[in-house]
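Written below as structure tokens is the structure these notes are about.
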DNA sequence: CGCAACGTTGAAATTCCTCAATTCACGTGG
DNA sequence: CCACGTGAATTGAGGAATTTCAACGTTGCG
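Protein chains in written order, with the numbering used here: chain A, 14 to 265; chain B, 14 to 265.
Here it is, written out as structure tokens:
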């Protein structure tokens with residue numbers, strides 16, 4: 014893991030209406046907010062928080078102050094045990110929301126770490142909650158985002174609970190592909206931002222198993238893999254492996 | 014599986030202030046609502062929906078109309094695949110909230126099925142959402158409940174991802190014990206409401222494995238098991254097995 | 001009583017993990 | 001520019017844990 018554990022004093026830029034490809038905007042666009050409401054939400058947030066690979070958006074155990082909406086790049090969320098073991102619980106791309114697991118207890122349960130050069134919008138939760146009361150569409154959208162997180166995890170549990178190594182990896186690749194496609198990237202060719210170990214951790218497998226499965230897929234012409242560069246050659250074949258469970262996404 | 018798939022016309026009683034041990038009350042009590050607000054919430058809900066073992070609170074795929082707060086008994090939530098496989102994603106007792114996974118897509122993803130004679134309060138989601146805007150404490154509490162669901166699933170994922178069969182079963186029993194204790198039941202002696210198969214499904218194990226692990230625990234005097242009647246004899250021993258991860262609960 | 005569902009137990013098969021050796025990519029410093 | 005070290009990835013072999021298949025006992029219900 015490249016992550017270093019320093020408190021990270023990151024760069025912030027303050028809100029301005031012209032933030033064209035803002036993650037927060039991407040996040041709230043589906044909410045159907047009008048211009049005024051969008052401005053209100055914008056005024057709340059600190060925009061363009063920049064994090065290099067391995068830097069933390071927040072640490073597990075810290076008091077919940079803000080949620081983060083990913084603007085660009087990608088992050089992983091992971092729970093840490095006292096005994097040092099770690100479990101990746103999610104991977105978020107632009108438009109993704111992190112920190113919701115902290116709302117109940119008031120403390121983050123997860124470390125959230127950038128997987129590459131990434132930017133995020135930081136939304137103070139208290140003020141956000143207050144604002145969302147006066148904007149029904151925002152509240153609605155927020156509830157939906159929480160619900161999405163819940164249902165996503167259900168899918169993941171299905172995976173971890175009852176799928177073979179091959180199925181998990183196939184599922185993972187397809188989910189990634191779908192995610193990237195919905196963000197406007199190629200759905201068939203991409204660079205993995207995760208090491209074999211991280212993938213294994215996410216899927217409940219050992220890194221060697223991940224590697225072996227990828228090799229097998231490679232041999233069967235389902236994918237072409239060169240270290241982290243990945244090309245999906247036969248999505249249908251992968252999908253057949255997973256047993257037609259495409260209705261539940263693996264990656265958010 | 015005992016569940017039968019008929020549309021279930023269940024009994025309903027309408028709200029009255031004197032519903033003394035109401036699940037909805039249990040749910041909203043921590044929210045710190047005043048008498049008037051409690052009345053408003055009460056007026057919204059249909060109370061004491063009765064379901065016998067195997068009956069459905071709602072079916073996967075149906076449009077989200079209501080959330081349910083469990084009042085007594087227990088229910089399981091499960092996702093179903095097209096290919097027939099099923100995965101239990103949660104078990105809820107009194108005070109538990111179900112249906113949140115439907116908020117995003119507007120459709121329930123889960124079947125919610127009574128594990129025993131149970132009662133629930135049915136809360137129409139649209140009206141609830143509206144009411145919660147005018148009662149900050151309620152909104153807060155609802156967000157917390159959603160967050161709890163999310164963090165609970167993280168714990169479950171940790172379990173499914175990287176724990177041995179023994180650890181999972183130990184974890185499961187301890188979680189159950191803790192849950193029952195917090196509901197005022199004995200924490201050491203209880204009747205499992207789940208078959209071996211259901212437990213296995215929940216934990217990502219085969220039913221035979223569950224049975225074997227329970228036998229082993231029995232031999233080691235960690236528990237005494239007679240079919241579904243279960244007695245925890247040595248909680249410390251179980252806890253040691255799990256590797257001190259008691260901070261994340263397995264059962265809600 | 002007899003059937004059906006549940007639970008237990010054993011033995012064989014399989015999957016996945018652990019340990020270990022090797023290669024590859026990449027950055028550093030001589 | 002090349003040697004070197006480091007971390008990531010691949011591959012193999014052996015072993016452990018879990019699943020699968022199968023037999024059998026128990027319980028409850030029609």
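We put the CB at the ideal spot given by N, CA and C, even for glycine.
*Which residues of chain A have a Cβ atom closer than 8 Å to the Cβ of residue 173 of chain B, listed in chain order?*
170, 173, 174 and 217
*asked:* Residues in the same chain with beta-carbon distance under 6 Å from residue 50 of chain B, minus the five sequence neighbours each way, listed in chain order, please.
replied: 148
*Listing by chain order, which chain A residues have their CB less than 7 Å from the CB of residue 198 of chain B?*
Within 7 Å Cβ-Cβ: nothing; residue 198 of chain B doesn't reach chain A, min ~23 Å.
*Taking C-alpha atoms, which residue in B:184, B:220 and B:244 lies nearest to residue 251 of chain B?*
B:184
*Under a three-way DSSP split, which group does residue 154 of chain B fall into?*
helix
*State whether the region 202-222 of chain A contacts the region 149-156 of chain A, with contact taken as three or more CB pairs (one from each stretch) at a distance under 8 Å.*
No: the two stretches stay apart, fewer than three of their Cβ pairs being nearer than 8 Å.
*Within-9 Å CB hit, residue 143 of chain B to chain A*: With 9 Å as the cut-off, residue 143 of chain B counts as an interface residue toward chain A.
*Element boundaries [alpha helix (DSSP H), containing residue 248 of chain A]*: 248-255
_On the DSSP letters alone, give me the boundaries of the alpha helix (DSSP H) that residue 195 of chain A sits inside._
178-195
_Would residue 185 of chain B pass as an interface residue toward chain A - the criterion being a Cβ-Cβ separation below 9 Å?_
no
*Quick one: grab the DSSP three-state call for residue 215 of chain A.*
helix
*Can you tell me which of B:233, B:105 and B:136 puts its alpha carbon nearest to the alpha carbon of residue 189 of chain B?*
Nearest option by C-alpha distance: B:105.
_Contacts that residue 149 of chain A makes with chain B (C-beta to C-beta distance below 7 Å)_ = 146
*Leaving aside the five residues before and after residue 66 of chain B along the sequence, list all residues of the same chain whose C-beta is less than 7 Å from its C-beta, in chain order.*
15, 127, 128, 129 and 130
*Tell me which same chain residues have a C-beta within less than 7 Å of the C-beta of residue 137 of chain B, skipping the five on either side of it?*
Correct list, in chain order: 57, 78 and 79.
*Closer than 8 Å, Cβ to any Cβ of chain A: which residues of the region 113-137 of chain B, in chain order?*
113, 114, 115, 116, 117, 118, 122 and 123
*Mind checking which residues open and close the beta strand (DSSP E) that includes residue 36 of chain B?*
Membership of residue 36 of chain B in any beta strand (DSSP E) is not indicated; the residue belongs instead to the alpha helix (DSSP H) covering 36-41.
*For residue 123 of chain A, I'd like the list of residues in its chain whose CB is within less than 7 Å of its CB, leaving aside the five on either flank, ordered along the chain.*
73, 90, 91, 92, 102 and 114
*Buried versus exposed, by CB contacts within 10 Å (16 or more), residue 241 of chain A*: exposed
*Does the beta-carbon of residue 117 of chain A have 16 or more other beta-carbons within 10 angstroms, so that it is buried, or is it exposed?*
buried
*Mind checking who residue 137 of chain A pairs with in its DSSP beta bridge?*
A:79
*Which residue from A:172, A:75, A:193 and A:220 puts its Cα closest to that of residue 244 of chain A?*
Closest option to residue 244 of chain A, Cα to Cα, is A:193.
*Taking the C-alpha atoms as reference points, what is the distance between residue 82 of chain B and residue 69 of chain A?*
Separation of residue 82 of chain B and residue 69 of chain A (C-alpha to C-alpha, rounded to the nearest whole angstrom) is 37 Å.
*asked:* For residue 198 of chain B, count the other beta carbons within 10 Å of its own beta carbon; 16 or more makes it buried, fewer makes it exposed. Which is it?
replied: exposed
*Which residues bound the beta strand (DSSP E) around residue 70 of chain A?*
69-71
*What are the boundary residues of the beta strand (DSSP E) that includes residue 201 of chain A?*
Element bounds for residue 201 of chain A: n/a, residue is neither H nor E.
*Is DSSP giving residue 209 of chain A helix, strand or coil here?*
Helix at residue 209 of chain A.
*Are residue 158 of chain B and residue 84 of chain B close, meaning C-beta to C-beta below 9 Å?*
Not in contact: residue 158 of chain B and residue 84 of chain B (Cβ atoms no closer than 9 Å).
_Contacts that residue 249 of chain B makes with chain A (C-beta to C-beta distance below 7 Å)_ = Those within 7 Å of residue 249 of chain B in chain A number zero; the least Cβ separation is about 17 Å.
_Report the start-end ranges of each beta strand (DSSP E) in the region 106-134 of chain A that is 3 residues or longer and not cut off at the edges._
123-127
*Limits of the unbroken beta strand (DSSP E) element including residue 98 of chain A*: No beta strand (DSSP E) contains residue 98 of chain A, which DSSP labels as neither H nor E.
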